[in-house]
Amino acid sequence: MIAGLNEYAAVGAARAVVDKGYEEQVNMVGFDSSMEEIRLLERGVFEGIVIQNPYTMGYVAVEQADRILKGEKTQEFVNSGSKLITKEDMYSEENQKILFLFTED
Numbered sequence: 001m002i003a004g005l006n007e008y009a010a011v012g013a014a015r016a017v018v019d020k021g022y023e024e025q026v027n028m029v030g031f032d033s034s035m036e037e038i039r040l041l042e043r044g045v046f047e048g049i050v051i052q053n054p055y056t057m058g059y060v061a062v063e064q065a066d067r068i069l070k071g072e073k074t075q076e077f078v079n080s081g082s083k084l085i086t087k088e089d090m091y092s093e094e095n096q097k098i099l100f101l102f103t104e105d
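FYI, in UniProt numbering the residues of the sequence shown are 1 to 105.
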């Protein structure tokens, strides 16, 4: 099992696995959603990819910064959300909106 905890680590590990022909022997999970990672998921190199929610991350960060500036208490931990997407569910309507943020409806 290999887990790439960011785009570069995930894609680099996947390239090495593919180059050595180990796709069937190694289970892989990626993190983030570059087009290369999406293609690797579609090909079955990745068992899944974990997608973050950058909009929520930014929103919560600004919200917490505003609280600090106002002298208010902030939360020690804020869950901005993430989702595991697999080859089987990557083209569901909900997951397409997450994977392909900049395409037209």
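The beta-carbon is built from N, C-alpha and C at its ideal position, and this holds for glycine as well.
Please check the pair residue i and residue j, which I expect to be a contact at CB under 8 angstroms, by giving their CB distance rounded to whole angstroms.
i	j	result
residue 37	residue 46	7 angstroms
residue 74	residue 64	5 angstroms
residue 5	residue 31	5 angstroms
residue 17	residue 28	6 angstroms
Distance, Cα to Cα, residue i vs residue j?
i	j	result
residue 10	residue 58	23 angstroms
residue 42	residue 61	32 angstroms
residue 105	residue 7	Below a pLDDT of 50, predicted positions are generally treated as unreliable, and residue 105, at 49, falls in that range; the measurement from the model is reported next regardless. The straight-line gap from Cα to Cα measures roughly 26 angstroms.
residue 12	residue 77	30 angstroms
residue 98	residue 40	17 angstroms
residue 92	residue 101	14 angstroms
residue 89	residue 82	15 angstroms
residue 86	residue 48	4 angstroms
residue 19	residue 94	33 angstroms
Once DSSP output is grouped into helix, strand and coil, what is the label at residue i?
i	result
residue 84	strand
residue 75	coil
residue 44	coil
residue 58	helix
residue 31	strand
residue 105	A caution first: residue 105 carries a pLDDT of 49, below 50, which makes its placement in the model unreliable, though a value can still be read off. Note: residue 105 maps to coil in three-state DSSP.
residue 50	strand
Measuring CA to CA, which of the options is closest to residue i?
i	options	result
residue 44	66, 56, 14	14
residue 84	78, 20, 1, 33	33
Measure from the C-beta of residue i to each C-beta in chain C and report whether the shortest distance is under 8 angstroms.
i	result
residue 5	Absence of chain C from the displayed structure is noted, only one protein chain being present.
key: Inter-stretch contact at 8 angstroms, needing at least 3 Cβ pairs: the segment 46-55 / the segment 16-25   = Result no; under three Cβ-Cβ pairs closer than 8 angstroms.
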